[in-house]
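Visitor: Here it is, the structure, as structure tokens.
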Amino acid sequence: MFKLALRSLIDKKLRFALTTLVVVIGVMFVVGSFTLTDSLRSTFAGLAQDIAKGADLTVRVDQEFGGDFERATVPEAVAEQVAGVEGVDLARPELAALNVFIVDGDGEPIRPPGPPALGFSFNPGSFFITEGQQPSAPGEFATDTVTAANNDLRVGETYQINGPLDAEPFELVGLFNFGSPDSHTGLGQTMAAFELEEAQRFFGMEDGYQAVGVLASAGAEVSEVQARLEAVLGDEYRVITQEVEAAEQEEDFNQVVDIFNTVLLVFAFIAVFVSAFIINNTFQIIVGQRVREIGLWRAVGATPRQVSRSVITESAIVGALSTVIGIGLGLALALVLRAVLEVIGFPLPPGPLTLQFRTVVLAAVVGLGVTMVSSIAPAMRARRISPVAALSQDFQLGATGLRRRLITGGAVFAAGVVSLAAGMTAGMDTAPTFVLLGVGAVLAFVGMNIVSPVFARPAASALGRPLKAAFGVPGRLGRDNAARNPRRTASTAGALLIGLALMGLAAVVGESIKKTFDNILDNAVEADYFIQSSATGFGPPPGFPARVADEIEALDEIESVMRIQWAFSGLSVEGEPRDIVAADMSLADDHFDGQVSSGDMAAGDPRTALALHSDSAESLGVGVGDTVEATFPDNQTETLTVVAIFEDAAIYGNWLIDGALWDRHFNRNDLAFASARTADLPDAATEAEQASLLERSRAAVNGVIDRYPTVKVENQAEFRQTQQSQLTAIIRVIQVLIGLSFVIALIGIINTLSLSVFERIHEIGLLRSVGMTRKQLRRSIYWEALIVAVFGGLLGVAVGTVFGVATALALPESFVQAVAVPWLDLVVFVVISAVAGLLAAILPAVRAGRMNILDAIAHE
Amino acid sequence: MTPSPTQALATAARAVAASKIYGSGDTEVRALDAIDVAFEQGRFTAIMGPSGSGKSTLMHCMAGLDNVTSGQVIIGETDLTTLSEKDLTLLRRDNVGFVFQAYNLVPTLTAIENITLPMDLAGSKGDEAWVDEVVGATGLADRTKHRPNELSGGQQQRVAVARALAGKPQIIFADEPTGNVDSNTAAEILGFMRSAVDQMGQTIVMVTHDPVAASYADRVVFLVDGKIVDELEDPTPQGIRDHMTQLGA
Ligand SMILES: Nc1ncnc2c1ncn2[C@@H]1O[C@H](COP(=O)(O)OP(=O)(O)OP(=O)(O)O)[C@@H](O)[C@H]1O
Ligand SMILES: [Mg+2]
Numbered sequence: 125m126f127k128l129a130l131r132s133l134i135d136k137k138l139r140f141a142l143t144t145l146v147v148v149i150g151v152m153f154v155v156g157s158f159t160l161t162d163s164l165r166s167t168f169a170g171l172a173q174d175i176a177k178g179a180d181l182t183v184r185v186d187q188e189f190g191g192d193f194e195r196a197t198v199p200e201a202v203a204e205q206v207a208g209v210e211g212v213d214l215a216r217p218e219l220a221a222l223n224v225f226i227v228d229g230d231g232e233p234i235r236p237p238g239p240p241a242l243g244f245s246f247n248p249g250s251f252f253i254t255e256g257q258q259p260s261a262p263g264e265f266a267t268d269t270v271t272a273a274n275n276d277l278r279v280g281e282t283y284q285i286n287g288p289l290d291a292e293p294f295e296l297v298g299l300f301n302f303g304s305p306d307s308h309t310g311l312g313q314t315m316a317a318f319e320l321e322e323a324q325r326f327f328g329m330e331d332g333y334q335a336v337g338v339l340a341s342a343g344a345e346v347s348e349v350q351a352r353l354e355a356v357l358g359d360e361y362r363v364i365t366q367e368v369e370a371a372e373q374e375e376d377f378n379q380v381v382d383i384f385n386t387v388l389l390v391f392a393f394i395a396v397f398v399s400a401f402i403i404n405n406t407f408q409i410i411v412g413q414r415v416r417e418i419g420l421w422r423a424v425g426a427t428p429r430q431v432s433r434s435v436i437t438e439s440a441i442v443g444a445l446s447t448v449i450g451i452g453l454g455l456a457l458a459l460v461l462r463a464v465l466e467v468i469g470f471p472l473p474p475g476p477l478t479l480q481f482r483t484v485v486l487a488a489v490v491g492l493g494v495t496m497v498s499s500i501a502p503a504m505r506a507r508r509i510s511p512v513a514a515l516s517q518d519f520q521l522g523a524t525g526l527r528r529r530l531i532t533g534g535a536v537f538a539a540g541v542v543s544l545a546a547g548m549t550a551g552m553d554t555a556p557t558f559v560l561l562g563v564g565a566v567l568a569f570v571g572m573n574i575v576s577p578v579f580a581r582p583a584a585s586a587l588g589r590p591l592k593a594a595f596g597v598p599g600r601l602g603r604d605n606a607a608r609n610p611r612r613t614a615s616t617a618g619a620l621l622i623g624l625a626l627m628g629l630a631a632v633v634g635e636s637i638k639k640t641f642d643n644i645l646d647n648a649v650e651a652d653y654f655i656q657s658s659a660t661g662f663g664p665p666p667g668f669p670a671r672v673a674d675e676i677e678a679l680d681e682i683e684s685v686m687r688i689q690w691a692f693s694g695l696s697v698e699g700e701p702r703d704i705v706a707a708d709m710s711l712a713d714d715h716f717d718g719q720v721s722s723g724d725m726a727a728g729d730p731r732t733a734l735a736l737h738s739d740s741a742e743s744l745g746v747g748v749g750d751t752v753e754a755t756f757p758d759n760q761t762e763t764l765t766v767v768a769i770f771e772d773a774a775i776y777g778n779w780l781i782d783g784a785l786w787d788r789h790f791n792r793n794d795l796a797f798a799s800a801r802t803a804d805l806p807d808a809a810t811e812a813e814q815a816s817l818l819e820r821s822r823a824a825v826n827g828v829i830d831r832y833p834t835v836k837v838e839n840q841a842e843f844r845q846t847q848q849s850q851l852t853a854i855i856r857v858i859q860v861l862i863g864l865s866f867v868i869a870l871i872g873i874i875n876t877l878s879l880s881v882f883e884r885i886h887e888i889g890l891l892r893s894v895g896m897t898r899k900q901l902r903r904s905i906y907w908e909a910l911i912v913a914v915f916g917g918l919l920g921v922a923v924g925t926v927f928g929v930a931t932a933l934a935l936p937e938s939f940v941q942a943v944a945v946p947w948l949d950l951v952v953f954v955v956i957s958a959v960a961g962l963l964a965a966i967l968p969a970v971r972a973g974r975m976n977i978l979d980a981i982a983h984e
Numbered sequence: 229m230t231p232s233p234t235q236a237l238a239t240a241a242r243a244v245a246a247s248k249i250y251g252s253g254d255t256e257v258r259a260l261d262a263i264d265v266a267f268e269q270g271r272f273t274a275i276m277g278p279s280g281s282g283k284s285t286l287m288h289c290m291a292g293l294d295n296v297t298s299g300q301v302i303i304g305e306t307d308l309t310t311l312s313e314k315d316l317t318l319l320r321r322d323n324v325g326f327v328f329q330a331y332n333l334v335p336t337l338t339a340i341e342n343i344t345l346p347m348d349l350a351g352s353k354g355d356e357a358w359v360d361e362v363v364g365a366t367g368l369a370d371r372t373k374h375r376p377n378e379l380s381g382g383q384q385q386r387v388a389v390a391r392a393l394a395g396k397p398q399i400i401f402a403d404e405p406t407g408n409v410d411s412n413t414a415a416e417i418l419g420f421m422r423s424a425v426d427q428m429g430q431t432i433v434m435v436t437h438d439p440v441a442a443s444y445a446d447r448v449v450f451l452v453d454g455k456i457v458d459e460l461e462d463p464t465p466q467g468i469r470d471h472m473t474q475l476g477a
């Protein structure tokens, strides 16, 4: 039987190659993502050690929750206390700030596309000067060698630096390597370092330091010094060894790697899932085509077991080969991804690729496992083929009854929907949610696949009707062939369906977010100008100097400016970290209508006032006038009073505090966003007066902004425009990535069409013998492909739309309030899918055209 | 033995010194060996000969399904050896009918659609009255909407012959059209072909191994090793058997 399986593979080289290729793609993704992320992890481990090497011990405030830049600082007095402890040779205060942008010689701010722009106090333990000297006076700075080289920064020149508070000129006095004297270990972030006191002033962090690095005196035992420091400083502080510091750094890095890994694995999962469809499909067709042959084996004495085993063996060979090739290509993919990362601004230190045993095992599970599991059902069908099949002229495998299909498929689909619904309604950030969503999606797709053959025949007939009328025999045959084997049509379409459904889902959710945003702009926005970082790219925009807001506020034409800052996990209530927004609450209602349903944002003491979105108020069971105990990332707890409850979370999120309260607990001074209102004119003002005021105020605001190259201002129309185009760009990127599954589906269509052509060789010979031209033959195959692809496209878009609408409804209101369907996009997707189908048909069609007529006729 | 074409009748198709060689060197097979043969218009010719004598090869080459290695094949006035692949296809569609031993029909098309297939491929309506007449002659007028798998083997072959007739081709070639059916069914098919020649003036060339089938023809041509070795006018089954024994001897 092994021989038979092997023979069958060798005879059908193209089919073999295509099937293998499909599995290879899945394996490649799995191997590529694991290898890359394993390599990243080991690189980062080295980097973390480099970073930690600067000090024997590090002293920090023990933070209960929140980000590194939100941690409470170590007061100067404590730093002095540290220096006095026995065995401490040097206690070096350390300072770091986000969003410190150097402006290059051409006046362009240097913006790393993904990594942060950081400011530091110069730390001789980790920063090694390679040129010039370390900054030692006000007005001086040093930067890393890579940033200097990439942006042509020269020692001795003066550059503007936009800090958290203001933009100021600094002279570049030195270049340094970070981490090691010989080479810069960076991940693409830009680094500007200042003398300590200058850093404190420029960052606006005069009350303390983020950490104090400790060097033990020669001869002192580090662990003893650590114990002594712990005794002196008490519970409030942590004293961390180099190893722990490195481990914590590494953990931080790995969180990023994990996200990256997850994203890659999602694509791998989609790829594998689509492959499974295609493999299953291929083996079903192969068995279907070999019915007579298998009947003959049975007639000459092969047992059903031997028959099914030969099918499984064939799949095992495909799986094993794909695994091997997939591992090789996966390593290549990892290299490519690394190069891509470098190009988009995340340079990684060179290092060997790490192929772990675990990755190889996974590759085998995916390659062999998916292939073999996908061939079980076809193998079982092959078993049931009776010896008489060899004798009958036109034997058809008993297809599963439509009724049974509807019932089983419907049940599986329903289970999927239930699981999806459960996943959507459970909180958004828990692991079980993703499992529920994943399992739900898989079940839903499998259910669809079981049911869809029921629709395939009528759908193919309906889609093909105009073809028949307009394109004569080729159109007619294309339609008939698409309708001939509904299972095959449905399952080929199924491969396309997945990709399109995901694209459709992304499009609908994206459009709904856009619509939500539009509604907000239409209804909620009262301010005239919006000030934010001019950086473009993904993720939240970086902060900008707070001074910009002060200067705009001082303009005559401007009545008020509202400053907005925010933080993930910015405060903790009832033991749970909450994301917060800080704004001037006295202005909040004038700039953005948050739809206050009770209370008044401007009421109460801004230092203890809290405004809540109705969802959060409800889940906490509080109303206006109630108090809430809130802990901040600096470990301090305050009793806040709820002053207002609002309904629109788009701008203010769920938890809104005043800037005054923010300033007391956060070291971050840069602004995330600001809005400005022009002075109100008297009601009697004419339109011309109104327009002239807007013109003057815009000119004045521009005058301020022009001095800060990292900042931009937009009016309502511009603001709307850029927000929309950014959102569109993100959705497009996601769709393109999902579109990868298209490539696999494309191979699936080539495969299926090749097989369906093969199945009809005799018939094709016959058609050619009675005068069908090659062109007509090719056309009939194109039409068939077109029908299958459009069927898959329509089904996919329909499923994507339904799921997208469901998702949009299920997403929290703070994110999506309106549901919108981008009809044009959906039509475009179906067109793309049709074009993909036509492309896939080229190879099979050309091959069919070249076939020798007599050989074809001789084929049974 | 020289072929003696009836001068009074025009020639529908002929082969001139046509050779077909398969393979080369040691494995060379001379399936047709400089064969000269002509088929007159409005006559029914049977081709007989031992297995492997080149009958099918002759049919394929005459019908433009395959190319001869040397010599000429002429249908009407057209020399097939000068035609491009596309023109050959169009010639098959418009001027030649072909009936295979079995599986002559496209399974997804109904009987009537199979019959009008060449015309549909040409994008023309054809002669509808003629098609009706042909369908009537098959005796399948009430089954035209049926698909091939709903027809018996004999019915399928009659549909195949009807398709060959429907486009009024210059000539129809049939390679063992009754090879797969019982003698009653064979009689049905042969009767239909005979009447197509007599009543519709069609030209038919048919390969057969069966002397009874061959006796439906006006003339029998005997083929051995790719050459015409003998022929017989107005054959009877017994006369054919006698000739075959002679040839075999
Ligand atoms: N494609 C081919 N390649 C090589 N040799 C071939 C090919 N087709 C036919 N032949 C050879 O050419 C010779 C004539 O074959 P052909 O099929 O014409 O015989 P036939 O008279 O139709 O026989 P039968 O009565 O068995 O159908 C045979 O020897 C055969 O082996
Ligand atoms: Mg033959």
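If you read the protein sequences in the order shown, they are chains A and B. Numbering follows the working numbering, in which position 516 of the first sequence is assigned residue number 640; successive positions increment by one, without gaps. Numbering follows the working numbering, in which position 249 of the second sequence is assigned residue number 477; successive positions increment by one, without gaps. All C-beta atoms in this analysis are idealised placements derived from N, C-alpha and C, irrespective of residue type, glycine included. These figures come from a predicted structure and were not determined experimentally.
(1) Tell me whether proline 439(B), by its Cβ, gets closer than 8 Å to a heavy atom of ligand 1.
(2) Please go through the region 690-732 of chain A and give each complete beta strand (DSSP E) segment of 3 or more residues, from N-terminal end onward.
(3) Could you say which of Val825(A), Ala768(A), Ile956(A) lies nearest to valine 860(A) if we only look at CA atoms?
(4) Is glutamate 416(B) close to ligand 2? I mean its beta-carbon at under 8 Å from any heavy atom of the ligand.
(5) From Ser849(A), Ala266(A), Ile704(A), pick the residue whose C-alpha is nearest to that of valine 297(A); which is it?
(6) Strictly under 9 Å for the Cβ-Cβ distance: is serine 893(A) near chain B by that measure?
(7) Please list, following the chain, all residues that have a C-beta closer than 7 Å to any non-hydrogen atom of ligand 2.
(8) Suppose you measure from the CA of lysine 836(A) to the CA of valine 672(A); what does that come to, to the nearest Å?
(9) On the three-state DSSP scale, how would you describe alanine 942(A)?
(10) Report the rounded CA-to-CA distance for serine 434(A) versus asparagine 404(A), giving the unit in angstroms.
(11) With a cut-off of 8 Å on the beta carbons, I'd call valine 324(B) and alanine 291(B) a contact; round off their distance for me.
(12) Flag alanine 259(B) as yes when its Cβ comes closer than 8 Å to any non-hydrogen atom of ligand 1, and as no otherwise.
(13) For alanine 781(A), does the three-state DSSP call read helix, strand or coil?
(14) Measuring only from the beta carbon, is proline 278(B) closer than 8 Å to any heavy atom that is part of ligand 1?
(15) Among the residues of its own chain, which have a CB less than 6 Å from the CB of asparagine 605(A), if the five just before and after it don't count?
(16) According to DSSP, is tyrosine 283(A) part of a helix, a strand, or is it coil?
(17) Identify, in the order they occur along the chain, each residue of the same chain with its Cβ nearer than 6 Å to the Cβ of threonine 532(A), setting aside the five sequence neighbours on each side.
(18) Could you tell me which uninterrupted beta strand (DSSP E) segments, each at least 3 residues in length, are contained entirely in the region 735-763 of chain A, listed from first to last along the chain?
(19) Would you verify that the beta carbon of threonine 406(B) is, or is not, closer than 9 Å to some beta carbon of chain A?
(20) Identify the contact partners of glycine 596(A) in chain B, using a Cβ-Cβ distance below 8 Å as the criterion.
(21) Could you compute how far the alpha carbon of valine 389(B) sits from the alpha carbon of valine 494(A)?
(22) Could I get the ranges of all uninterrupted alpha helix (DSSP H) runs contained in the region 607-680 of chain A, with 4 residues as the minimum, in chain order?
(23) Alpha carbon to alpha carbon, what distance is there between alanine 869(A) and serine 244(A)?
(24) Leaving out five residues on either side along the sequence, give the residues of the same chain with a beta carbon under 6 Å from the beta carbon of leucine 353(A).
(25) How is serine 245(A) classed by DSSP in three states: helix, strand or coil?
(26) Should glycine 895(A) be listed as close to ligand 1, given that the test is whether its C-beta is under 8 Å from any heavy atom?
(27) State the Cα-Cα distance for the pair alanine 617(A) and leucine 333(B), rounded to the nearest angstrom.
(28) With a threshold of 6 Å on Cβ separation, who are the neighbours of glutamine 517(A) within its own chain once the five nearest residues in sequence on each side are excluded?
Guide: Taking the coordinates as given:
(1) Along the second sequence, one-based indexing puts residue 439(B) at 211. No, Cβ of proline 439(B) sits at least 8 Å from all heavy atoms of ligand 1.
(2) Fully enclosed beta strand (DSSP E) runs of 3 or longer: 700-707, 720-723.
(3) For this step, residue 860(A) is matched to residue 736 along the first sequence. The shortest C-alpha separation from valine 860(A) is found at Ile956(A).
(4) Position 188 of the second sequence, counted from the first residue, corresponds to residue 416(B). Of the heavy atoms belonging to ligand 2, none sits nearer than 8 Å to the Cβ of glutamate 416(B).
(5) Numbered from 1 along the first sequence, position 173 holds the residue referred to as residue 297(A). The option with the nearest alpha carbon to valine 297(A) is Ala266(A).
(6) Translated into positions along the first sequence, residue 893(A) becomes position 769. Look at serine 893(A): its C-beta is under 9 Å from a C-beta on chain B.
(7) Residues with their Cβ less than 7 Å from any non-hydrogen atom of ligand 2, running along the chain, are Lys283(B), Ser284(B), Asp403(B), Glu404(B), Val435(B).
(8) Taking the first residue of the first sequence as position 1, residue 836(A) is located at position 712. Taking the first residue of the first sequence as position 1, residue 672(A) is located at position 548. For the pair lysine 836(A) and valine 672(A), the Cα-to-Cα distance works out to about 10 Å.
(9) Here residue 942(A) refers to the residue found at position 818 when the first sequence is read from its first residue. If DSSP states are grouped into helix, strand and coil, alanine 942(A) belongs with coil.
(10) If you number the first sequence from 1, residue 434(A) lands on position 310. If you number the first sequence from 1, residue 404(A) lands on position 280. Straight-line Cα distance between these residues: approximately 15 Å.
(11) For the purposes of this step, residue 324(B) is taken as residue 96 along the second sequence, with counting starting at 1. For the purposes of this step, residue 291(B) is taken as residue 63 along the second sequence, with counting starting at 1. Contact annotation, valine 324(B) with alanine 291(B): C-beta distance approximately 5 Å; criterion of less than 8 Å satisfied.
(12) Counted from its first residue, the second sequence places residue 259(B) at position 31. Within the cutoff, so yes.
(13) Taking the first residue of the first sequence as position 1, residue 781(A) is located at position 657. The amino acid occupying residue 781(A) in the given sequence is isoleucine; alanine does not appear at that position. In this structure, isoleucine 781(A) counts as strand in the three-state DSSP scheme.
(14) Within the second sequence, residue 278(B) is the residue found at index 50, counting from 1. Proline 278(B): yes, Cβ under 8 Å from ligand 1.
(15) Looking up residue 605(A) in the first sequence gives position 481. Only Glu908 meet the Cβ criterion.
(16) For the purposes of this step, residue 283(A) is taken as the residue at position 159 of the first sequence. Reduced to three states, the DSSP call for tyrosine 283(A) is strand.
(17) Taking the first residue of the first sequence as position 1, residue 532(A) is located at position 408. Excluding positions up to five away in sequence, the list reads Ile574.
(18) Runs found: 751-755.
(19) Working through the second sequence from its first residue, we reach residue 406(B) at position 178. Cβ-Cβ to chain A under 9 Å: no for threonine 406(B).
(20) Translated into the one-based positions of the first sequence, residue 596(A) becomes position 472. Those within 8 Å of glycine 596(A) in chain B are Asp348, Leu349, Gly351.
(21) Taking the first residue of the second sequence as position 1, residue 389(B) is located at position 161. Taking the first residue of the first sequence as position 1, residue 494(A) is located at position 370. Valine 494(A) has its alpha-carbon roughly 50 Å from the corresponding atom of valine 389(B).
(22) With a minimum length of 4 residues, the unbroken runs of alpha helix (DSSP H) contained wholly in the region 607-680 of chain A fall at 610-647, 671-677.
(23) Sequence index remark: in the first sequence, residue 244(A) carries index 120 (1-based). Sequence index remark: in the first sequence, residue 869(A) carries index 745 (1-based). The sequence given here has phenylalanine at residue 244(A), not serine. Rounded to the nearest angstrom, the two C-alpha atoms are 50 Å apart.
(24) By 1-based counting over the first sequence, the position of residue 353(A) is 229. Scanning its chain for C-beta atoms nearer than 6 Å, with the 5 sequence neighbours on each side dropped, one finds around leucine 353(A) the residues Val209, Val363, in chain order.
(25) By one-based count along the first sequence, residue 245(A) stands at place 121. It is a strand residue.
(26) In the first sequence, counting from the first residue as 1, residue 895(A) sits at position 771. Checking every heavy atom of ligand 1 against the Cβ of glycine 895(A), none is found closer than 8 Å.
(27) Locating residue 617(A) in the first sequence gives position 493, counting from the first residue. Locating residue 333(B) in the second sequence gives position 105, counting from the first residue. The C-alpha of alanine 617(A) lies about 29 Å from the C-alpha of leucine 333(B).
(28) Here residue 517(A) refers to the residue found at position 393 of the first sequence. Confidence in glutamine 517(A) is poor, its pLDDT being 48 and thus under 50, which makes the residue's placement too unreliable to answer from.
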